[in-house]
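Novice: Take 0 as the starting number for the sequence shown in numbering that gives the first Met the number 0 and just add one per residue.
Yeah, the Cβ is synthetic: ideal placement off N, Cα and C, and Gly gets one too.
So that we are looking at the same thing, I have put the structure below in structure tokens.
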Amino acid sequence: MRGYTEKDLESFIESALLENGYIKRESKDYDKSLCIDIELFKRFLQSTQAKALQELGKRNIKEQELLKRVASQIQDKGILKALQSHIEIMGVKLFLAYPKPNSSANPQAIEDYKKNIFSITRQLYYSEKNNNSLDMVIFLNGLPLITMELKNPFTHQNVYNAIEQYKKDRDPRERIFKQSVVHFALDSDLIYMSTKLEGVGSKFLPFNRGLNNGSGAIGLECGSGNPAVKDKMKTSYFWEEILQKDTLANLLFNFAQIVKKDKAEFVIFPRFHQFDVVRKLLNDTKEKGVGQRYLIQHSAGSGKSNSIAWLAHNLVSLHRKQNDEEKPVFDSILVVTDRKVLDRQIQENVKSFTQDKNLVETITEGSRQLKAAIEDDKKIIITTIQKFPYIADEITHLRDKTFAIIIDEAHSSQSGKNAQKMGEAISNKESNHIDSNEIDIEEELIKIIENKKFQKNASYFAFTATPKPKTLEMFGIPCEINGERKFFPFHLYSMKQAIEEGFILDVLKGYITYTSYYKIISSIDDDKEYDKAKANAKLKKYVTNHIATIEKKATIMIEHFFQNTCKKIGGKAKAMVVTSSRENAVKYYLFFREYLQENYPQYKALVAFSGDKEINGESYSEAGLNGFSEAMLKDEFKKENYRFLIVAEKYQTGFDEPLLHTMYVDKALDGISAVQTLSRLNRICKNKEDTCVLDFANTHEEIGESFSTFYGQTYLKEPSDYEKIFTLKSNLFEYGIYTQFELDNFTKAILERQSENRIHSKLDNMVKEYNAKNDDEKTEFYTKAKAYLREYSFLAQILPFSDIELEKLYILLKMLITKIAPPRTEDLAKGIVNNVDLESIRIILTGTSDISLSSNGEVTPAGADGSGKKEVEFESLSNIVKAFNDKFGNIDFGTDEKIANSLVKLKDEIRENQTLKDSLGDRQNSHKLFVDIFKSKYANFYLENLPFLEQLGDKQAEFKERVSSVIFEMICEGLNA
């Protein structure tokens, strides 16, 4: 039987590269002191820059002196910077390599590129200090760029042995390791890479395709690693694609970057999915041209900011043949983020990835600056979705321009109104002036509709980790499966893959849930009747928001933090408390502040909520409670003494604080909200090995369902039902608020820009009809009108046809809705919370377990809903209280048996400790061990039996000491409970 070794893998890779234009070299061709294959380097210079060499000769620079100066400059500048620009010797420029031109317009540039010399050396003996060798090294023009260590699983070694070899057997001070751009460790299944060797501290990142190979197609398995390939190794893509000359040159000149952070420079080399998504988008755009839409579903931890920066820069230089002439595909690249404060990371990354800073314009001053940037041919323009729409009224002559629009977090950026304004801004709008004598109503309506649609002079590249149904339908790839039309992302880097590759932490491991039980009693003799549904909702809110409930939960949170969390991440761990309202955020904060001051005075909490909140006649604000402005909160929270951040609808998205370890959830979460909120914990940092969630409001099953949608692939089960918007249009017409004549007449008046007086007058007639309806009809009409506006603003973008009647109604309702209001319905549960008292509260640990997820992220479209009013069901106060206690107080509020069982469990857990067992012959030593073990185990007993312990008041310490003494004596005497 043949024995396979790593030499066989070397031979296989070498043969593949030699067949595709590489030159085979030997170790003896390499000059160890200069870190150059001198013969190939000289050959390259003589074939491309003979005049420069002659000029250096005139300046008395001989060959050996030239080589020394080249090696010195490479060492000083770094190989990547020297390759991407040039070096200079005695005023003479030398280019160390030539990039592949973006078009065929410059024949000399093409000729220069073809003269690059790619070579491969096996078993390179690189050191002047020892006889170590590298399995393979890739050279460009005689300069080493890529080192490789290979392993073959058939020899019982794999990629992780190769990584260990780099870490332990390769001295990072050797010149070849400092000069090379990237180092690869690989076997037949997996590939890892590092851009900087630092001994045992070297960081190697996966360079694998993922099981789905970037595809968002339905039914593919997701996760880390590489998919099987028929008749090939799983890692064959590395030498068949990545190391091919054109691809490698592309990576070196258009992707690998030197970036600065904290005054230090380091190399960024793309992970496989980052290079893959840009490459596939460029190829598809080059093939199909302008006017396409792409959805990129990349999880947190994907390095999305870098992917966007690479895409923007590569789109600038993308050329395509048009009428037998190669031209740039896009005039401008617009990077649109959904944050009111421009995403600083994207801004900095895009700017750092360009040599020409004048190519990039960041919009900070509003629409006029944006208009000027486009008209001045700025190639990359970064703006927020809030600023972008307002240029619609200023940009009027963009007929001949084409745009690539890169949208960050597409699920929020592409709402109906934003999309319409974006469409208007880049459409071929010629004039804002309308002559009422010449207006063609139908033609104007068609223009308005077309502006709402995706523009033909733009391509859209939408990035998101959590695509909504509307996002999938707008940007996703349509497909037919068993006769059903579905939509899926163009490219997918899944949450599952990000977790498995270690770029984010799994926040669902060891997920802890608590259940709250309440008992209420009626405080009045009168057995009034209330709206049953509203009464139950108010009672649940009453007990949940009750200060006694909040104080019990807050005590559990604080004690859990100091017993379990505070020592995590090298003692730097922090926690977030997620509350359901601004009022609860304030209540939590006030209790935290007092409790910490009394028990843990060296630590503090911060609170985050918008605006002012009045509670019991006193007004509270975030800045007032924290003692500094909202703008300072992120920086202040980084300080060591601030360990808790209590939030209400703030910092639950887009807040990246790696030291956040634990989250205390007291708010119902579902869908995207659950994923985005809990994902605040998943950022990695040094010494952060896990996360923790204590959830007081959601079950394991509910959270699992929310995450499963976005864990693997997410796809839309079916398209929107267009018929629903027409049905809703007919339903609205049946109320008789307006006639067809009034609808036509009003639309004409709007398009002719008639005076405001006339517009109000027309609407007032309709308002009169609305006011004549009964309350139920008013509520129904108002609800359906709002639903129509919401759904049509979305459907107008994707309808394959233009319907002017739908647009007319949209124009009318958008104005009419501002002049009508739904009737104020009588609160049939008013006052119920004043007629009950909270008698008992019990908060019990439900369970701790990992939440397992499926990868089937099927979602369905939301439809226009014109639901009517539900009938009110009345119930007496006594029955409402009884039903509430049955549902939320279904527990024995007695404690004796539970405490007894908990104490037995505590004793048994301590007794099972093997170290303690082994020490029982030495009472003094065993007691020291016992004290430490008891302290740790008692923390869990404390959390599980908090209500009982609170009843002990100031005797808690005495109880704890008594329990400790009794359990120790029982263990020593070998007694059973």
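Please report the distance separating the alpha-carbon of Lys195 from that of Arg172.
Specialist: As a working note, residue 195 is residue 196 in the sequence shown. As a working note, residue 172 is residue 173 in the sequence shown. Approximately 11 angstroms, taken between the alpha carbons.
Novice: By DSSP's criteria, Lys67 is part of a beta bridge. Which residues make up the other side?
Specialist: As a position in the sequence shown, residue 67 is number 68, starting the count at 1. None, per the DSSP bridge assignment.
Novice: Which same chain residues end up closer than 6 angstroms to Asn686 when comparing Cβ atoms and leaving out the 5 residues on each side of it in sequence?
Specialist: Within the sequence shown, residue 686 is the residue found at index 687, counting from 1. The answer, listed in chain order, is Ile568 and Gly569.
Novice: Taking 8 angstroms as the threshold (C-beta atoms), are Tyr781 and Ile819 in contact?
Specialist: Here the question's residue 819 lines up with position 820 in the sequence shown. Here the question's residue 781 lines up with position 782 in the sequence shown. In this structure, Ile819 lies near Tyr781, with their beta-carbon atoms less than 8 angstroms apart.
Novice: Using a Cβ-Cβ cutoff of less than 7 angstroms, which residues in the same chain neighbour Phe271 once the five nearest sequence positions on both sides are dropped?
Specialist: Against the sequence shown, residue 271 aligns to sequence position 272. Within the same chain, Phe271 has close Cβ partners Phe206, Asn207 and Arg208.
Novice: Taking the alpha carbon of Val585 as the point to measure from, which residue in Ala574, Glu908, Ile549 and Leu82 has its own alpha carbon closest?
Specialist: As a first step, residue 585 must be located in the sequence shown, where it is residue number 586. Residue Ile549 is the option with its Cα nearest to Val585.
Novice: Tell me whether Cys478 is buried or exposed, calling it buried when 16 or more other Cβ atoms sit within 10 Å of its Cβ.
Specialist: Residue numbering aside, residue 478 sits at position 479 when the sequence shown is read from its first letter. Cys478 comes out exposed.
Novice: Do you know how far the Cα of Ser223 is from the Cα of Arg961?
Specialist: Residue mapping note: residue 961 aligns to position 962 of the sequence shown, counting from 1. Residue mapping note: residue 223 aligns to position 224 of the sequence shown, counting from 1. As the crow flies, the alpha-carbon of Arg961 is around 53 angstroms from that of Ser223.
Novice: Suppose you measure from the CA of Lys989 to the CA of Ile307; what does that come to, to the nearest Å?
Specialist: Outside the shown range of the chain (0 to 976) lies residue 989, about which nothing can therefore be said.
Novice: Who are the near neighbours of Val228 in its chain, counting only those whose CB is closer than 7 angstroms to its CB and skipping five residues on each side?
Specialist: Residue numbering aside, residue 228 sits at position 229 when the sequence shown is read from its first letter. If you ignore the 5 residues before and after Val228, its C-beta comes within less than 7 angstroms of the C-beta of Ser235, all in its own chain and listed in chain order.
Novice: Would you be able to state if there are at least three C-beta pairs under 8 angstroms between the stretch 480–489 and the stretch 706–718?
Specialist: yes
Novice: Would you report the Cα separation of Gly846 and Asp188, rounded to the nearest angstrom?
Specialist: For the purposes of this step, residue 846 is taken as the residue at position 847 of the sequence shown. For the purposes of this step, residue 188 is taken as the residue at position 189 of the sequence shown. Going from the Cα of Gly846 to the Cα of Asp188 covers about 39 angstroms.
Novice: Considering only C-alpha positions, which residue in the set Ile405, Thr361 and Arg319 is nearest to Val335?
Specialist: Locating residue 335 in the sequence shown gives position 336, where the first residue counts as 1. Looking at the Cα atoms, Ile405 is the closest of the given residues.
Novice: Which of the three DSSP states is assigned to Thr336 in this structure?
Specialist: Indexing the sequence shown from 1 puts residue 336 at position 337. Strand, per DSSP.
Novice: Note down, one range per segment and in chain order, each alpha helix (DSSP H) of at least 4 residues found wholly within the stretch 190–263.
Specialist: Within the stretch 190–263, the complete alpha helix (DSSP H) runs of at least 4 residues are 244–253.
Novice: Please classify Gln601 as buried or exposed, where buried requires at least 16 other C-beta atoms within 10 Å of its C-beta.
Specialist: Indexing the sequence shown from 1 puts residue 601 at position 602. With fewer than 16 Cβ atoms within 10 Å of its Cβ, Gln601 is classed as exposed.
Novice: I'd like the list of long-range same chain contacts for Gly290, defined as Cβ closer than 6 angstroms, with 5 residues on each side in sequence excluded.
Specialist: Position 291 of the sequence shown, counted from the start, is the residue given in the question as residue 290. Result list for Gly290: Lys455, in chain order.
Novice: Roughly how many angstroms lie between the CA atoms of Tyr599 and Tyr513, to the nearest whole one?
Specialist: Sequence index remark: in the sequence shown, residue 599 carries index 600 (1-based). Sequence index remark: in the sequence shown, residue 513 carries index 514 (1-based). Tyr599 and Tyr513 have their C-alpha atoms roughly 24 angstroms apart.
Novice: What does the Cβ neighbour count give for Ala958, buried or exposed, with the cut at 16 atoms within 10 Å?
Specialist: Counting from one through the sequence shown, the residue named residue 958 turns up at place 959. Correcting the residue identity first, residue 958 is Phe in this sequence and not Ala. Per the 10 Å Cβ criterion, exposed.
Novice: Pull the bridge partners of Tyr293 from the DSSP assignment, please.
Specialist: Residue mapping note: residue 293 aligns to position 294 of the sequence shown, counting from 1. Beta-bridge pairing links Tyr293 to Phe460.
Novice: Within a Cβ cutoff of 7 angstroms, which residues of the same chain sit near Asn212, ignoring the five residues on either side of it in sequence?
Specialist: The residue given as residue 212 occupies position 213 in the sequence shown. If we look at Asn212 and ignore the five residues flanking it on each side, its Cβ neighbours are Pro226.
Novice: What does Tyr663 pair with, by DSSP beta-bridge criteria?
Specialist: Residue 663 sits at position 664 when you count from the first residue of the sequence shown. Paired residue(s): Val576 and Leu693.
Novice: In angstroms with no decimal places, state the Cα-to-Cα distance between Tyr769 and Glu755.
Specialist: Position 770 of the sequence shown, counted from the first residue, corresponds to residue 769. Position 756 of the sequence shown, counted from the first residue, corresponds to residue 755. C-alpha separation (whole angstroms): 21 angstroms.
Novice: Who are the near neighbours of Tyr791 in its chain, counting only those whose CB is closer than 7 angstroms to its CB and skipping five residues on each side?
Specialist: Against the sequence shown, residue 791 aligns to sequence position 792. Once the five neighbours on either side are set aside, the close Cβ partners of Tyr791 are Ile724, Leu805 and Tyr809.
Novice: Would Val646 and Met575 qualify as a contact pair, given that the criterion is a beta-carbon distance under 8 angstroms?
Specialist: Stepping through the sequence shown from its first residue, residue 646 is reached at position 647. Stepping through the sequence shown from its first residue, residue 575 is reached at position 576. The answer is yes: Cβ separation under 8 angstroms.
Novice: Quick test of your reading: Ser609 and Lys649, contact by CB under 8 angstroms. State the CB separation rounded to the nearest angstrom.
Specialist: Indexing the sequence shown from 1 puts residue 609 at position 610. Indexing the sequence shown from 1 puts residue 649 at position 650. Ser609 to Lys649, Cβ: 7 angstroms. Contact.
Novice: How about Ile625 and Leu632: are their beta carbons less than 8 angstroms apart?
Specialist: Residue numbering aside, residue 625 sits at position 626 when the sequence shown is read from its first letter. Residue numbering aside, residue 632 sits at position 633 when the sequence shown is read from its first letter. Sequence inspection shows Asn at residue 625; the Ile mentioned does not correspond to that position. Yes.
Novice: Are at least three pairs of beta-carbons, each pair with one atom in the stretch 585–594 and one in the stretch 668–679, less than 8 angstroms apart?
Specialist: no
Novice: Whose C-alpha, out of Lys150, Arg169, Gly90 and Glu110, is nearest the C-alpha of Asn129?
Specialist: Reading the sequence shown from its first residue, position 130 is the one you call residue 129. Minimum Cα distance to Asn129 is reached at Arg169.
Novice: Step through the CB atoms of chain D and report whether any lies within less than 8 angstroms of the CB of Gly198.
Specialist: Judged by its chain identifiers, the structure shown contains no chain D, having just a single protein chain.
Novice: Give the range of the beta strand (DSSP E) segment to which Pro327 is assigned.
Specialist: On the sequence shown, position 328 is the one that residue 327 refers to. It spans Glu324 to Pro327 - the beta strand (DSSP E) in which Pro327 sits, taken as one unbroken run.
Novice: Tell me which same chain residues have a C-beta within less than 8 angstroms of the C-beta of Ser918, skipping the five on either side of it?
Specialist: Taking the sequence shown and counting its residues from 1, the one referred to as residue 918 is at position 919. Cβ neighbours of Ser918 beyond the five flanking positions: Asn924, Ser925 and Leu928.
Novice: Report all residues from its chain with a CB closer than 6 angstroms to the CB of Asp694; omit the five preceding and five following residues, and keep chain order.
Specialist: The count along the sequence shown starts at 1 and reaches residue 694 at position 695. If we look at Asp694 and ignore the five residues flanking it on each side, its Cβ neighbours are Thr512 and Val664.
Novice: Looking only at its chain, what residues have a beta carbon closer than 6 angstroms to the beta carbon of Ile88, apart from the 5 residues adjacent to it on each side?
Specialist: Start at 1 with the first residue of the sequence shown, and residue 88 comes out as number 89. For Ile88, where only same-chain residues beyond five positions count, the Cβ hits under 6 angstroms are Arg68.
Novice: For Thr676 and Val577, which I take to be in contact (beta-carbon distance under 8 angstroms), what is that distance rounded to the nearest angstrom?
Specialist: The count along the sequence shown starts at 1 and reaches residue 676 at position 677. The count along the sequence shown starts at 1 and reaches residue 577 at position 578. 6 angstroms between Cβ atoms; contact.
Novice: What residue does the alpha helix (DSSP H) around Gly703 start on, and which one ends it?
Specialist: Sequence index remark: in the sequence shown, residue 703 carries index 704 (1-based). Start and end: His699 to Tyr710.
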